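Student: Have a look at this one before I ask anything.
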Amino acid sequence: MLIALDARCQGSEHIKIARPCQDFARAMTNYWGTNAYALVADGHGGEKYFRSAEGSRIAVSSAAEEMNKVLKELLFHIKKKEANVIDKSLKNLCSRILLLWREKVKAHFSENPLSEKELKLCEELKINIPLKEEDLFMLYGSTLLSSVYFENYEFWFSLQIGDGKTYILKEDGSAISPKELENEKAAFGVTPSLCGKNAIEEFRYGFSFEKIAGICVMSDGLTDSFNLEKLPNFLISIKNNAIQNAEKTKAELEEYLPKLSEKGSGDDISIAGIFVKEDGNKLMNILRK
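Adding 33 to a residue's 1-based position in the sequence shown gives its number in the numbering used here.
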């Protein structure tokens, strides 16, 4: 069975300037505990992204909603191991998530017009009113990382736009970050975003048919606060604790992350993970397929 866990914290530097946590994280399993999602979104921290906390929440809800819609269709192709069809389906899923995020952002803005404080901020930042569509999306700017594991079919996929990291936990105790998900623009200080003009072209995704021990997605607040050489061991430790007691592990993480932020990046930190717990019931595993 699969264990899902998520945790996040407000960054120490954000606390100092009374900026709300702009990260959002969510992890969940299906009824049987055989499929699970792990999602993280990191709202941008600059002044012009002043609704990015809401943007990250919308990003996670949009991804979860669209993944649920394509679940049955995707499972059909996973069972047949139709890699080419799966590739096209994931590319289409990225488009669907982006479109839904934009729809939800527009709806939120319609229901929550700019306050006097926000109008003044727009004036200071020289953002023209009424807002152009591209400026509207900018206010809610966010990254997104999303991973799914289908235990019975030993299949995972991940998609990502922006920074942060995805790690696949292997059965041999190692943890790797898939190359196809790496942000090639990171070296140039560029962070692709859901609010970008070329957002659909900035999505990366990957998938594999393999039995794994877990998947973790995290914001750059975590990776920038941790020695990357030691990060895999940290993630494996979370997995080992979570399969013993997920609620306790979540509470311990929520207590530890603020301390990590203070010692490290000072940024918001979020993490979501999927971990495999062997239940030894082969008959039930067969029935759940």
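Glycine is no exception: its CB is placed at the ideal position from the N, C-alpha and C atoms.
The structure displayed is predicted, hence computed values, not measured ones.
For a test of the three-state rule: what should DSSP assign to Thr176, helix, strand or coil?
Tutor: Numbered from its first residue, the sequence shown carries residue 176 at position 143. Note: Thr176 maps to coil in three-state DSSP.
Student: Whole-angstrom Cβ separation of Lys244 and Glu311, contact assumed at under 8 Å?
Tutor: Here the question's residue 244 lines up with position 211 in the sequence shown. Here the question's residue 311 lines up with position 278 in the sequence shown. Their Cβ separation, rounded to whole angstroms, is 11 Å, which puts Lys244 and Glu311 out of contact at 8 Å.
Student: Measure the C-alpha to C-alpha separation of Phe57 and Ile130 and round it to an integer number of angstroms.
Tutor: If you number the sequence shown from 1, residue 57 lands on position 24. If you number the sequence shown from 1, residue 130 lands on position 97. Each residue's Cα considered, the two are about 16 Å apart.
Student: When burial is assigned at 16 or more other CB atoms within 10 Å of the CB, is Ile319 buried or exposed?
Tutor: Taking the first residue of the sequence shown as 1, we reach residue 319 at position 286. The predicted position of Ile319 is uncertain, since its pLDDT is 45 and thus under 50; no value can be drawn from it.
Student: Measuring only the C-alpha atoms, how far is Val103 from Leu126?
Tutor: Indexing the sequence shown from 1 puts residue 103 at position 70. Indexing the sequence shown from 1 puts residue 126 at position 93. The alpha-carbon atoms of Val103 and Leu126 are separated by roughly 8 Å.
Student: For a minimum of 3 consecutive residues, which ranges assigned as the beta strand (DSSP E) are wholly contained in the stretch 243-274?
Tutor: If we require 3 residues or more, the beta strand (DSSP E) runs fully inside the stretch 243-274 come out as 247-251.
Student: Relative to the C-alpha of Gly76, which candidate in Ala92, Ser128, Tyr64 has its C-alpha closest?
Tutor: For the purposes of this step, residue 76 is taken as the residue at position 43 of the sequence shown. The candidate whose alpha carbon is nearest that of Gly76 is Ala92.
Student: Alpha carbons only, please: which of Ser180, Ile307, Glu262 is nearest the one belonging to Ala275?
Tutor: Walking along the sequence shown from the start, residue 275 turns up at place 242. Looking at the Cα atoms, Ile307 is the closest of the given residues.
Student: Compare the beta carbon distance of Ser45 and Glu288 with 7 Å and say whether it is the shorter of the two.
Tutor: Taking the first residue of the sequence shown as 1, we reach residue 45 at position 12. Taking the first residue of the sequence shown as 1, we reach residue 288 at position 255. No, they are not a contact pair.
Student: Name the DSSP beta bridge partners of Gln193, please?
Tutor: Working through the sequence shown from its first residue, we reach residue 193 at position 160. Beta-bridge pairing links Gln193 to Leu178, Arg237.
Student: With a threshold of 7 Å on Cβ separation, who are the neighbours of Phe170 within its own chain once the five nearest residues in sequence on each side are excluded?
Tutor: In the sequence shown, the residue the question calls residue 170 occupies position 137. Hits under 7 Å: Arg135, Val138, Cys228.
Student: Locate the alpha helix (DSSP H) running through Asn145, then write down its first and last residues.
Tutor: Taking the sequence shown and counting its residues from 1, one reaches residue 145 at position 112. No alpha helix (DSSP H) contains Asn145, which DSSP labels as neither H nor E.
Student: Please classify Ala37: is it buried, with 16 or more other beta-carbons within 10 angstroms of its beta-carbon, or exposed?
Tutor: The residue you call residue 37 lines up with position 4 of the sequence shown. That one is buried.
Student: Is the stretch 195-210 touching the stretch 248-259 in the sense that three or more CB pairs, one from each, lie closer than 8 Å?
Tutor: Counting Cβ pairs under 8 Å, three or more are found: they touch.
Student: Got a sec, what are the start and stop residues for the alpha helix (DSSP H) Ala51 sits in?
Tutor: Walking along the sequence shown from the start, residue 51 turns up at place 18. No alpha helix (DSSP H) contains Ala51, which DSSP labels as neither H nor E.
Student: Please report how far the alpha carbon of Leu286 lies from the alpha carbon of Asp39, in whole angstroms.
Tutor: Start at 1 with the first residue of the sequence shown, and residue 286 comes out as number 253. Start at 1 with the first residue of the sequence shown, and residue 39 comes out as number 6. C-alpha separation (whole angstroms): 9 Å.
Student: Tell me which residues share the same chain as Leu293 and place their Cβ nearer than 7 Å to its Cβ, disregarding the 5 neighbours each side in the sequence.
Tutor: For the purposes of this step, residue 293 is taken as residue 260 along the sequence shown, with counting starting at 1. Excluding residues within five positions, the ones whose Cβ falls inside 7 Å are Ser258, Ile302.
Student: When you compare only the Cα positions, how much space is there between Lys159 and Glu144?
Tutor: For the purposes of this step, residue 159 is taken as residue 126 along the sequence shown, with counting starting at 1. For the purposes of this step, residue 144 is taken as residue 111 along the sequence shown, with counting starting at 1. Near 23 Å, if we compare the C-alpha coordinates of Glu144 and Lys159.
Student: Assuming Asn101 is part of the alpha helix (DSSP H), what are its boundary residues?
Tutor: Here residue 101 refers to the residue found at position 68 when the sequence shown is read from its first residue. Counting along the chain, the alpha helix (DSSP H) containing Asn101 begins and ends at 85-112.
Student: What first and last residue would you give for the beta strand (DSSP E) that runs through Ser303?
Tutor: Locating residue 303 in the sequence shown gives position 270, where the first residue counts as 1. Unbroken beta strand (DSSP E) run through Ser303: 302-309.
Student: Near Asp106, which residues of its chain fall below 8 Å by C-beta distance, leaving aside the five closest residues on each side in sequence?
Tutor: By 1-based counting over the sequence shown, the position of residue 106 is 73. Per the sequence presented here, residue 106 reads as Glu, with Asp not at that position. Closer than 8 Å at the Cβ level, and outside the excluded window around Glu106, lie Ser122.
Student: In angstroms with no decimal places, state the Cα-to-Cα distance between Glu98 and Ala74.
Tutor: As a first step, residue 98 must be located in the sequence shown, where it is residue number 65. As a first step, residue 74 must be located in the sequence shown, where it is residue number 41. Computed Cα separation, rounded: 15 Å.
Student: Taking the alpha helix (DSSP H) that Tyr200 belongs to, which residues open and close that run?
Tutor: Start at 1 with the first residue of the sequence shown, and residue 200 comes out as number 167. Segment 198-202 is the beta strand (DSSP E) holding Tyr200; no alpha helix (DSSP H) there.
Student: Check for me: the alpha helix (DSSP H) holding Leu72 runs from which residue to which?
Tutor: Translated into the one-based positions of the sequence shown, residue 72 becomes position 39. Not the alpha helix (DSSP H): Leu72 falls in the beta strand (DSSP E), residues 68-75.
Student: Does the beta-carbon of Ser175 have 16 or more other beta-carbons within 10 angstroms, so that it is buried, or is it exposed?
Tutor: Here the question's residue 175 lines up with position 142 in the sequence shown. Ser175 should be labelled buried.
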